[in-house]
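Engineer: Structure provided below as structure tokens; questions to follow.
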Amino acid sequence: MKRRLLAFALLTAAYAAQAQMRLAPDTLLVQRFEVDPTDTMLPFPFGDDLQWVNWDADRIPPLCDNGRVLGNWYWDSDLGDTTGMNNAFTSCSYLANKNLPNENWLITPPIFITDTQAVLTWRSLSLEGPGYHDGYKVLVSTTSNAPYEGSFTDTLFVAAEMLGEPLFFSLDPKDFNFSPGYVHANWYRDSAYFFLPTDSFPSNRGRMEPHSVSLSAYAGKKIYIAFLHDSQYDNTLQIDDIVVVQGVSVSAPEPSLPAVVLRVQPNPVRDFARLFFTEALRPQRLRIMDAMGRLMAVQTLPSLPTDNVLADLSALPPGVYLAVLEADRPVQSVRLVKY
Ligand SMILES: [Ca+2]
Ligand SMILES: [Ca+2]
Ligand SMILES: [Ca+2]
Numbered sequence: 042m043k044r045r046l047l048a049f050a051l052l053t054a055a056y057a058a059q060a061q062m063r064l065a066p067d068t069l070l071v072q073r074f075e076v077d078p079t080d081t082m083l084p085f086p087f088g089d090d091l092q093w094v095n096w097d098a099d100r101i102p103p104l105c106d107n108g109r110v111l112g113n114w115y116w117d118s119d120l121g122d123t124t125g126m127n128n129a130f131t132s133c134s135y136l137a138n139k140n141l142p143n144e145n146w147l148i149t150p151p152i153f154i155t156d157t158q159a160v161l162t163w164r165s166l167s168l169e170g171p172g173y174h175d176g177y178k179v180l181v182s183t184t185s186n187a188p189y190e191g192s193f194t195d196t197l198f199v200a201a202e203m204l205g206e207p208l209f210f211s212l213d214p215k216d217f218n219f220s221p222g223y224v225h226a227n228w229y230r231d232s233a234y235f236f237l238p239t240d241s242f243p244s245n246r247g248r249m250e251p252h253s254v255s256l257s258a259y260a261g262k263k264i265y266i267a268f269l270h271d272s273q274y275d276n277t278l279q280i281d282d283i284v285v286v287q288g289v290s291v292s293a294p295e296p297s298l299p300a301v302v303l304r305v306q307p308n309p310v311r312d313f314a315r316l317f318f319t320e321a322l323r324p325q326r327l328r329i330m331d332a333m334g335r336l337m338a339v340q341t342l343p344s345l346p347t348d349n350v351l352a353d354l355s356a357l358p359p360g361v362y363l364a365v366l367e368a369d370r371p372v373q374s375v376r377l378v379k380y
């Protein structure tokens, strides 16, 4: 009995230490589509559901991939990732009736926002572009999760869709008409988020592009977030890595002051690394974030003038981290590799 109690005490201490390391931010929602979530989702929203909803509101048969796809959102490999390592949620707007838009709703469970720094991030791609570019909307409801009750009144993000039919093949967005909104890869100028396949007709293929919007307006509220694929007669849209966090400051340093540069010794690091500054600072707090921007550790510092601080990564698993130093003036963040 005594031994069991001791084990319990040790476990509790371990959890407490871990909790301390990972103080903020709150991760309120994570959906990376690593496994097929379809079976856990409701096919229809009833208004106050606690689960994800995957609703095919148009009910028009899809024709993508010779009609072998589902009418609502479905799990598929990342169509922009040639390594085949990633999966994403996928929706087809090439429907049997070209005169009507697709209307596929992907709706989150209720999310309780308590903090004005809450942020929604996600990634998306349009399979084709600029021709047949797939548009979609990110909407918020503060009431019910049923779109047919008119509850998704707030629009956080709009991706444009190509309107009508292309007159000819072109890779220039100016040769097409779009509905209002954002066109993938900054109007196909940011080459990180598309490529031109060599084995098909000339149309760009999208790669996953990250997006983020503030949810600060919803502090103190329960919300549902909807990804509405409402494109008409286009092709295929994918969404991935839907994450809501709060308690993360993403504010940029004051642009008027040049940021102090950090140098790390050693890097890669095993347990401890020393961060050197190009000039003396009064460091207040060192935050270690992981590659997804999650806060993994915080060190409070004495705010005395110094030209270096010791970063403690001993409690973290191997990986890539970002060291963010708060001081009396802006400091460049630095990447740490822990082995
Ligand atoms: Ca549909
Ligand atoms: Ca994924
Ligand atoms: Ca269209």
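Under the numbering used here, the first residue of the sequence shown carries the number 42, and numbering increases by one thereafter. Heads up, the beta-carbon is just placed ideally off N, CA and C, and yes, glycines get one too.
(1) Taking the C-alpha atoms as reference points, what is the distance between residue 161 and residue 286?
(2) Considering residue 107, what are the terminal residues of the beta strand (DSSP E) in which it resides?
(3) Can you list the alpha helix (DSSP H) stretches of 4 or more residues lying completely in the segment 184-256, in chain order?
(4) With hydrogens ignored, establish whether the beta-carbon of residue 127 is closer than 7 Å to any heavy atom of ligand 2.
(5) How about residue 314 and residue 302: do their beta carbons lie closer than 8 Å?
(6) Under 7 Å from any heavy atom of ligand 2, does the C-beta of residue 74 make it?
(7) Do the CB positions of residue 327 and residue 375 come within less than 8 Å of each other?
(8) Answer yes if the segment 261-269 comes into contact with the segment 150-169, meaning at least three C-beta pairs across the two stretches below 8 Å, and no otherwise.
(9) Just to check my reading of the structure: residue 200 and residue 222 have Cβ atoms closer than 8 Å, yes? What is that Cβ distance to the nearest angstrom?
(10) How about residue 79 and residue 116: do their beta carbons lie closer than 8 Å?
(11) Apart from the five residues on each side of it in sequence, which residues of its chain come closer than 7 Å, Cβ to Cβ, to residue 74?
(12) For the segment 230-244 against the segment 152-159, are there 3 or more C-beta pairs whose distance is under 8 Å?
(13) Relative to the C-alpha of residue 256, which candidate in 183, 211, 177 has its C-alpha closest?
(14) Less than 8 Å between the CB atoms is what I'm expecting for residue 353 and residue 340, so what's the real figure, rounded?
(15) Got a list of residues with beta-carbon closer than 6 Å to any non-hydrogen atom of ligand 3, in chain order?
(16) Do residue 104 and residue 136 count as a contact pair if the criterion is CB distance below 8 Å?
(17) Any heavy atom of ligand 5 closer than 7 Å to the CB of residue 77?
(18) Are residue 108 and residue 97 closer than 8 Å when you measure CB to CB?
(19) For residue 20, which three-state DSSP category applies?
(20) For a test of the three-state rule: what should DSSP assign to residue 80, helix, strand or coil?
(21) Classify residue 88 as buried or exposed, calling it buried when 16 or more other Cβ atoms lie within 10 Å of its own Cβ.
Structural biologist: Reading it off the structure:
(1) One-based indexing of the sequence shown puts residue 161 at position 120. One-based indexing of the sequence shown puts residue 286 at position 245. Distance between the alpha carbons of residue 161 and residue 286 is about 7 Å.
(2) To locate residue 107, count along the sequence shown from 1; it is residue 66. In this chain, residue 107 is not harboured by any beta strand (DSSP E); it is covered by the alpha helix (DSSP H) spanning 105-108.
(3) As far as the segment 184-256 is concerned, its whole alpha helix (DSSP H) runs of at least 4 residues are 225-229.
(4) On the sequence shown, position 86 is the one that residue 127 refers to. At a threshold of 7 Å, residue 127 counts as near ligand 2, since its beta carbon sits closer than that to one of the ligand's heavy atoms.
(5) The residue given as residue 314 occupies position 273 in the sequence shown. The residue given as residue 302 occupies position 261 in the sequence shown. Cβ atoms of residue 314 and residue 302: not closer than 8 Å.
(6) Along the sequence shown, read from residue 1 onward, the residue named residue 74 stands at position 33. Residue 74: yes, Cβ under 7 Å from ligand 2.
(7) Within the sequence shown, the letter at position 286 stands for residue 327. Within the sequence shown, the letter at position 334 stands for residue 375. Taking 8 Å as the cut-off, the Cβ atoms of residue 327 and residue 375 do not count as close.
(8) When C-beta atoms of the segment 150-169 are compared with those of the segment 261-269, three or more pairs fall below 8 Å, so the two segments count as touching.
(9) Taking the sequence shown and counting its residues from 1, the one referred to as residue 200 is at position 159. Taking the sequence shown and counting its residues from 1, the one referred to as residue 222 is at position 181. So it is a contact: roughly 5 Å between Cβ atoms.
(10) Along the sequence shown, one-based indexing puts residue 79 at 38. Along the sequence shown, one-based indexing puts residue 116 at 75. Yes.
(11) For the purposes of this step, residue 74 is taken as the residue at position 33 of the sequence shown. Taking residue 74 as the centre and dropping the five residues before and after it, the same chain places the C-beta of 116, 128, 129, 130, 281 closer than 7 Å to its C-beta, in chain order.
(12) Cβ pair count under 8 Å is below three, so no.
(13) As a working note, residue 256 is residue 215 in the sequence shown. That would be 183, whose Cα lies nearest to the Cα of residue 256.
(14) Position 312 of the sequence shown, counted from the first residue, corresponds to residue 353. Position 299 of the sequence shown, counted from the first residue, corresponds to residue 340. Between the beta-carbon of residue 353 and that of residue 340 there is about 6 Å, and that keeps the pair under the 8 Å contact cut.
(15) This criterion selects 202, 203, 204, 272, 273, 274, 275.
(16) For the purposes of this step, residue 136 is identified with residue 95 of the sequence shown, where counting begins at 1. For the purposes of this step, residue 104 is identified with residue 63 of the sequence shown, where counting begins at 1. Yes. Within cutoff.
(17) In the structure shown, ligand 5 is absent; the only ligands present are ligand 1, ligand 2 and ligand 3.
(18) For the purposes of this step, residue 108 is identified with residue 67 of the sequence shown, where counting begins at 1. For the purposes of this step, residue 97 is identified with residue 56 of the sequence shown, where counting begins at 1. The criterion of a C-beta distance shorter than 8 Å is not satisfied by residue 108 and residue 97.
(19) In the structure as shown, the chain starts at 42 and stops at 380, and residue 20 therefore has no counterpart that could be examined.
(20) By one-based count along the sequence shown, residue 80 stands at place 39. In the three-state reduction of the DSSP assignment, residue 80 falls in the helix class.
(21) In the sequence shown, residue 88 corresponds to position 47, counting from 1. Residue 88 is exposed by the Cβ-count criterion.
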